[in-house]
Amino acid sequence: MRIGKMFSAIDISASGLSLQRKKMDAIASNLANMDSVGPGGKPYQKEEVLSIPGQPITFGKELGDQMIPLEISTPGQIEPSSAEMQMPDYTVREVSGRVVTDPTATKMVYDPTNPNANAEGYVNEPNINVVTQMVDMITTSRAYEANVTAIDASKNIINDSINI
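Residue 139 in the working numbering sits at position 133 of the sequence shown, and the numbers go up by one each step.
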């Protein structure tokens, strides 16, 4: 097994951490600017992160190629087997994210005293729902924690493999 294949699980989880971090940054920016209106009455544009699949990573066959098939010939005695191990082949993709703005996420609020109000007295403001953003933040936080847990498990597996 190439050494790079051994760390592919960590690479996948690390790309997930990076994606979740970008999502958390976008959510924080949305919450911080939920009432922001720029010059000329242009409202803040809500940010979202699009997940972009990266290169596929295949593992499973490589693991099976490196393992020595064993069979028990007599009680208490283990010998290599002539049968090949059949490991399923799994393909996963690393992910990355791209921050995009949503120019349609605005609302018209009646406030004729606002200097940015139009002729009818309406101001175009960001349409950011605090509840939705908080739910997205909790979900993103949980996904981040899951990737950290997966990295820790991968590190433990690699460490145990080295110690054999």
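Built from N, CA and C at the ideal position, the CB exists for glycine as well. Computed from a predicted structure; not experimentally measured.
Nearest to Ala32 by alpha-carbon distance, out of Thr155, Met40, Val55, is Val55. No Cβ-Cβ contact shorter than 7 angstroms links Arg104 with Ile144. The three-state secondary structure of Pro132, taken from DSSP, is strand.
Residue pairing by DSSP places Thr107 opposite Glu53 in a beta bridge.
Taking all protein chains in view, the Cβ of Thr112 is crowded by 16 or more other Cβ atoms within 10 Å, so the residue is classified as buried. Beta-carbon to beta-carbon, Val129 and Asp117 are separated by about 5 angstroms, close enough to satisfy the 8 angstroms threshold. In this structure, Thr146 is the residue among Gly46, Thr146, Asp142, Thr155 with its C-alpha nearest to the C-alpha of Gln26. Residue pairing for Lys113: DSSP places it in a beta bridge opposite Glu131. Nearest Cα to Pro121 within the set Val115, Lys52, Gly47, Asn133: Gly47. With 16 or more other Cβ atoms inside 10 Å of its own Cβ, Val43 counts as buried. Thr107 places its beta carbon less than 7 angstroms from that of Gln51.
Taking a C-beta distance under 7 angstroms as the contact criterion, Glu126 and Val115 do not qualify as a contact pair.
Phe13 and Val101 have their C-alpha atoms spaced approximately 16 angstroms apart. Rounded to the nearest whole angstrom, the C-alpha separation of Ala152 and Ile134 is 27 angstroms.
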